[in-house]
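Q:
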Amino acid sequence: MKKANFITFEGPEGAGKTTAIQAVLPFLEELTSKVVVTTREPGGNPLAEAVRDLLKEQQEPAIDARTEVLLLAASRREHVVQTILPALNNGVVVVSDRYLDSSLAYQGGGRGLGMQAVQAINDYAIENPETGQAVEPGLTIYMDLPVEIGLERVFKHRTGKIDRMDRENLDFHRRVRESYLELAAQNPERIKTVNANQPADKVLEDVKTILLENWR
182 MKKANFITFE GPEGAGKTTA IQAVLPFLEE LTSKVVVTTR EPGGNPLAEA
232 VRDLLKEQQE PAIDARTEVL LLAASRREHV VQTILPALNN GVVVVSDRYL
282 DSSLAYQGGG RGLGMQAVQA INDYAIENPE TGQAVEPGLT IYMDLPVEIG
332 LERVFKHRTG KIDRMDRENL DFHRRVRESY LELAAQNPER IKTVNANQPA
382 DKVLEDVKTI LLENWR
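The opening position of the sequence shown corresponds to residue 182 in this note's numbering, with each subsequent residue numbered one higher.
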């Protein structure tokens, strides 16, 4: 496997992505002997964070699904040009809590817009302005678990605010997971699946094994 300097973590609600990233960060820094920066989507810089705040809040009337995907694409564009590319150009390893796969799963699958349509919108958003090539992760760690378990974790154990996406109905979250599994099946070289329905130490061990394989 080619060494990936741009690594993303993906998963449905309650999968433990953020916890895993923080836990594995010292290991990754030692493994790569490089500076490692963490970021997130939506977010990663002031403008993108402002979009994140807007999208997380419950809106009345509800945000139109196409408006949602366009706002996310705009936020992602800022993330790419202001945060991700400058770091990669400086030889830094970038680890992002969510990226394009989230839009494909949540808006393409969950909202029913179709993954091809969401991909088309984001092809423009993730283009490197200097090379014209897509800015894509070399490695994606997908943390999978049944949606019922993930949502139980969110509503019982999350210390932060329960947001608009968390409150979507069960069918929505099932479509999201199904879309993620479809993406993983279509991209086995890039997307590596971890069973997140395990004890935390075993999940972390599996994540470390994938990172070791990436940097071997």
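Think of the CB as a built atom: it goes at the ideal place given N, C-alpha and C, for glycine as much as any other residue. Fair warning: this is a prediction, and the values are worked out from it, not measured in the lab.
What is the residue span of the beta strand (DSSP E) that Y323 lies within?
A: Segment 320-325, the beta strand (DSSP E) holding Y323.
Q: Kindly confirm or deny that the segment 290-309 and the segment 319-337 touch, where touching means at least three C-beta pairs closer than 8 Å.
A: No: the two stretches stay apart, fewer than three of their Cβ pairs being nearer than 8 Å.
Q: Considering only the alpha carbon of each residue, which of M324, K383, L281 lies closest to N303?
A: Of the candidates M324, K383, L281, the one whose C-alpha sits nearest the C-alpha of N303 is L281.
Q: Could you tell me which whole beta strand (DSSP E) segments of length 3 or greater appear in the segment 258-332?
A: Taking only runs of at least 3 residues, the beta strand (DSSP E) segments lying wholly in the segment 258-332 are 274-278, 320-325.
Q: Since Q288 contacts E249 with CB under 8 Å, what's their CB separation in whole angstroms?
A: Contact flag correct, Cβ pair sits at about 6 Å.
Q: Cα separation between R397 and N376?
A: If I take the Cα positions, the gap works out to 22 Å.
Q: Of the choices S284, G313, G291, whose alpha-carbon is the least far from that of V299?
A: Of the candidates S284, G313, G291, the one whose C-alpha sits nearest the C-alpha of V299 is S284.
Q: Just verifying my parser: in three-state terms, what is the DSSP assignment at N376?
A: Three-state result, N376: strand.
Q: When we look at the beta-carbon of F190 and count the other beta-carbons within 10 Å, is it buried (16 or more) or exposed?
A: By the 10 Å Cβ count, F190 comes out buried.
Q: Return the chain-ordered list of same chain residues with a C-beta closer than 7 Å to the C-beta of V316, the five sequence neighbours on each side being excluded.
A: For V316, where only same-chain residues beyond five positions count, the Cβ hits under 7 Å are V261, I265, L266, I307, N309.
Q: Could you work out which residue in E394, E333, L294, L253 is closest to N378 when comparing CA atoms only?
A: Among E394, E333, L294, L253, the Cα nearest to that of N378 belongs to E333.
Q: CA-CA distance, V218 and V205?
A: Approximately 12 Å between the Cα atoms of the pair.
Q: Should A196 go down as buried or exposed, given a rule of 16 or more other Cβ atoms within 10 Å for buried?
A: Buried: at least 16 other Cβ atoms inside 10 Å.
Q: Tell me which residues share the same chain as F353 and place their Cβ nearer than 7 Å to its Cβ, disregarding the 5 neighbours each side in the sequence.
A: Counting only Cβ-Cβ distances below 7 Å, and skipping sequence neighbours, we find G291.
Q: Which residues in the same chain have their Cβ closer than 7 Å to the Cβ of T213, if we skip the five residues on either side of it in sequence?
A: Taken in chain order, the residues that qualify are V274, W396.
Q: Going by Cα to Cα distance, which pick from L209, K184, V384 is closest to K198?
A: It is V384.
Q: Beta-carbon within less than 6 Å of R358's beta-carbon, same chain only, minus the 5 sequence neighbours each way: which residues are those?
A: Here the set comprises P193, V328.
Q: Taking Cβ to Cβ, would you say I188 is nearer than 8 Å to V276?
A: Cβ atoms of I188 and V276: closer than 8 Å.
Q: So with Cβ pairs under 8 Å, would you call R355 a contact of chain B?
A: Here there is only one protein chain, and chain B is not present.
Q: Rounded to whole angstroms, how far is the Cβ of M296 from the Cβ of S256, which I believe are closer than 8 Å?
A: The Cβ separation is near 19 Å, so there is no contact.
Q: Give the straight-line distance between the Cα atoms of E211 and K237, rounded to the nearest whole angstrom.
A: E211 and K237: Cα-Cα distance of roughly 35 Å.
Q: Look at the Cβ atom of E349, then the Cβ atom of R279, and state whether they are nearer than 8 Å.
A: Cβ atoms of E349 and R279: not closer than 8 Å.
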